[in-house]
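*Asks:* Structure below; questions to follow.
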Amino acid sequence: MKILIVDDFSTMRRIIKNLLRDLGFTNTQEADDGSSALPLLKSSDFDFLVTDWNMPGMTGIDLLKAVRADEKLASLPVLMVTAEAKREQIIEAAQAGVNGYVVKPFTAQALKEKIEKIFQRVDA
Amino acid sequence: MSQADKTGVENSLVLHAKELLSQLETGNSIDAMQTIANLHQQRDQFLFDEVGKLTRSLHSAIQNFAIDAEVGQQDASELSRMGDASDRLNYVIERTEQAANKTMDVVEEIMPLSSAIGDDANSLKEDWGRFMRKDMKPAEFRDLTKKIDNFLTMTADKSAGISGHLTTILLAQDYQDLTGQVIKRVIGLVQEVEDNLVELVKMAGTVDYLTGTQHELPEKEEVDMTAGEGPIINPEKRDDVVSGQDDVDDLLSSLGF
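Sequence order for the protein chains is C and L.
Start counting the first sequence at 1; every next residue gets the next number (this note's numbering).
Start counting the second sequence at 1001; every next residue gets the next number (this note's numbering).
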């Protein structure tokens, strides 16, 4: 299981990386915004994408849309972990095809639940 | 310009206008021209005064801002490096990042210590269970006593290490104090600038009034929603945002996701 973590703050990437490691996911890579993440996703075989929304350069929602529009990446599970909490944003993300939405500040439990739920659905 | 000043200007204008009218009616055109010149001069004088005030206020606002930035340099503390508001805020980002990384460094060091204690305890528990069930040979028991002895020494060592690490985490929280002080200064600065700007706008309004200038206010730009807004600082006062993960889950499931 290879996971890409996209967030413009290195501390948040580190927190998510540590939480994922506790959940048994040790193969992670990092990118600091959508425009650096997209080439990584295209050139490598990631199984899961965790992304923030608000980032300089390419935002997480645009990254999600780009992933869904890409033939090879279209079915990649995407979890959004973000401080963006407007209802219309959450709806927009859902309509763009996000697989899970976690609002910051979040708990380890919330992250774990969403990830498990995503893989249950993917496996089903 | 105060209301009294404004009325003063108007009264004076009315006075001159009446004077002008009577001069024109009596055919005193030389005096009338002089009155027109006076009127003009008076308008210019008020305008110059107001523009002068505006310029002085602008100047002192800029100076206040600069002076405030220099006050920090008298402090021997780390705050003295802060030249201006954005430097100060960058300092906040740096300090919080440092503290977060320091804390995570230490947490990563503690984790193997605590799991080593846990692993050894679990293995001992198994052996101990066998001993309690009297399912242990004397040679194995001698091994077990050695293991227990090692475990006790190791646990004492590791727990001392953990305590030390926890103290480091505790001390790393000093960023709250330091960044709080810096942020308070920046808030003060922003308030001062805001107050000065309000004064400037008032004065500019007087100049506009005297010159009869009217401004068309630009329409508010619509905010691009996809750009994001960042953390919501007052979710309890807004009804367009969710208040937590439960709200997100409810919203998504109500949409069938």
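Glycine included, every Cβ here is placed at the ideal spot set by N, Cα and C.
Note that the coordinates shown come from a computational prediction; the quantities given were computed from them, not determined experimentally.
L:Ile1232 versus chain C: which residues are under 7 Å apart at the beta carbon?
*Replies:* Neighbours of L:Ile1232 on chain C, chain order: Ala85.
*Asks:* Check the C-beta distance from C:Leu79 over to C:Val122 and give it rounded, since I have them as a contact under 8 Å.
*Replies:* Actually they are not in contact, since the Cβ atoms of C:Leu79 and C:Val122 sit about 11 Å apart, beyond 8 Å.
*Asks:* Would you decide whether L:His1040 is buried or exposed? Buried here means 16 or more other CB atoms lie within 10 Å of its CB.
*Replies:* Exposed.
*Asks:* State whether the segment 1027–1038 of chain L contacts the segment 1173–1189 of chain L, with contact taken as three or more CB pairs (one from each stretch) at a distance under 8 Å.
*Replies:* Flag = no, the segment 1027–1038 of chain L and the segment 1173–1189 of chain L do not touch.
*Asks:* State the Cα-Cα distance for the pair L:Gln1173 and C:Glu113, rounded to the nearest angstrom.
*Replies:* Cα to Cα, L:Gln1173 sits roughly 29 Å from C:Glu113.
*Asks:* Verify whether the separation of the beta carbon atoms of C:Leu63 and C:Val98 is less than 8 Å.
*Replies:* Not closer than 8 Å, so no.
*Asks:* Under the assumption that C:Asp85 contacts L:Pro1235 (Cβ atoms under 8 Å), give the Cβ distance between them as a whole number of angstroms.
*Replies:* Reading off the sequence shown, one finds Ala at residue 85 of chain C, where the question assumed Asp. Yes, C:Ala85 and L:Pro1235 are in contact; Cβ-Cβ is about 7 Å, under 8 Å.
*Asks:* Output yes if chain L places a C-beta closer than 8 Å to the C-beta of C:Phe106; else output no.
*Replies:* Yes - at least one Cβ of chain L is within 8 Å of the one on C:Phe106.
*Asks:* Less than 7 Å between C-beta atoms, sequence neighbours within five positions excluded: which residues of the same chain meet that for L:Met1019?
*Replies:* Note that residue 1019 of chain L is Glu in the sequence shown here, rather than Met. Hits under 7 Å: Thr1035.
*Asks:* Which of the three DSSP states is assigned to L:Leu1015 in this structure?
*Replies:* Note: L:Leu1015 maps to helix in three-state DSSP.
*Asks:* Residues bridged to C:Val102 by DSSP?
*Replies:* Answer is C:Val81.
*Asks:* Within this structure, are the beta carbons of L:Gln1042 and L:Ser1012 separated by less than 8 Å?
*Replies:* Yes. Within cutoff.
*Asks:* Count the other C-beta atoms from every protein chain shown that fall within 10 angstroms of the C-beta of L:Gly1052, then say buried if there are 16 or more, exposed otherwise.
*Replies:* Its Cβ having fewer than 16 others within 10 Å, L:Gly1052 is exposed.
*Asks:* Using a beta-carbon distance cut-off of less than 8 Å, what residues from the segment 69–93 of chain C approach chain L?
*Replies:* If the cut-off is 8 Å between Cβ atoms, the segment 69–93 of chain C has Thr82, Ala83, Glu84, Ala85, Lys86, Arg87, Glu88, Gln89, Ile90, Ile91, Glu92 near chain L.
*Asks:* Whose C-beta lies closer than 7 Å to the C-beta of L:Val1248 among residues of the same chain, with five residues either side of it excluded?
*Replies:* Cβ within range, chain order: Val1242.
*Asks:* For the alpha helix (DSSP H) that contains L:Phe1151, what are its first and last residues?
*Replies:* Note, L:Phe1151: alpha helix (DSSP H), 1138–1172.
*Asks:* Return the residue from the list L:His1165, L:Leu1200, L:Asp1246 that minimises the CA-CA distance to L:Lys1102.
*Replies:* When only C-alpha atoms are compared, the closest one is L:His1165.
*Asks:* I'd like the span of the alpha helix (DSSP H) that includes L:Phe1131, first residue to last.
*Replies:* Here the alpha helix (DSSP H) through L:Phe1131 covers 1085–1132.
*Asks:* Tell me the residue span of the alpha helix (DSSP H) that contains C:Val67.
*Replies:* C:Val67 -> alpha helix (DSSP H) spans 60–69.
*Asks:* Scan the segment 20–40 of chain C for residues whose Cβ lies nearer than 8 Å to a Cβ of chain L and list them as they occur along the chain.
*Replies:* Listed by position, the residues of the segment 20–40 of chain C near chain L (Cβ gap below 8 Å) amount to none.
*Asks:* Confirm, please, whether the CB-CB distance from C:Ile3 to C:Asn27 is below 8 Å.
*Replies:* In contact: C:Asn27 and C:Ile3 (Cβ atoms closer than 8 Å).
*Asks:* Measuring straight from C-alpha to C-alpha, what distance separates L:Met1136 and L:Arg1130?
*Replies:* L:Met1136 and L:Arg1130: Cα-Cα distance of roughly 6 Å.
*Asks:* Distance, Cα to Cα, L:Glu1078 vs C:Met58?
*Replies:* Low per-residue confidence applies at L:Glu1078: pLDDT is 38, beneath 50, and the placement is therefore not dependable enough to give any value.
*Asks:* Mind checking the segment 1101–1122 of chain L against chain C and listing, in chain order, the residues whose C-beta falls within less than 8 Å of any C-beta there?
*Replies:* Listed by position, the residues of the segment 1101–1122 of chain L near chain C (Cβ gap below 8 Å) are Asn1101, Met1104, Val1107, Glu1108.
*Asks:* To the nearest angstrom, how far is the alpha carbon of L:Ala1121 from that of L:Phe1151?
*Replies:* Distance between the alpha carbons of L:Ala1121 and L:Phe1151 is about 8 Å.
*Asks:* Could you check whether the Cβ of C:Thr59 sits closer than 8 Å to any Cβ belonging to chain L?
*Replies:* For C:Thr59, the answer is yes, since a Cβ of chain L falls inside 8 Å of its Cβ.
*Asks:* Is L:Ile1187 helix, strand or coil when you go by DSSP?
*Replies:* Three-state result, L:Ile1187: helix.
*Asks:* My output table needs one value for C:Ala31: the three-state DSSP class, helix, strand or coil.
*Replies:* Three-state DSSP puts C:Ala31 in a strand.
*Asks:* Can the beta-carbon of C:Gly60 be found closer than 8 Å to that of C:Asp52?
*Replies:* Yes. Within cutoff.
*Asks:* Taking the beta strand (DSSP E) that C:Lys86 belongs to, which residues open and close that run?
*Replies:* Premise fails: C:Lys86 is in no beta strand (DSSP E) and is neither H nor E.
*Asks:* Quick one, are the C-beta atoms of C:Val81 and C:Lys104 less than 8 Å apart?
*Replies:* Yes. Within cutoff.
*Asks:* Which residue marks the beginning of the alpha helix (DSSP H) containing C:Phe119, and which one marks its end?
*Replies:* Counting along the chain, the alpha helix (DSSP H) containing C:Phe119 begins and ends at 108–123.
*Asks:* Got a sec? Which residues, its chain only, sit under 8 Å from C:Ala74 by beta carbon, not counting five neighbours each side?
*Replies:* Taken in chain order, the residues that qualify are Val67, Arg68.
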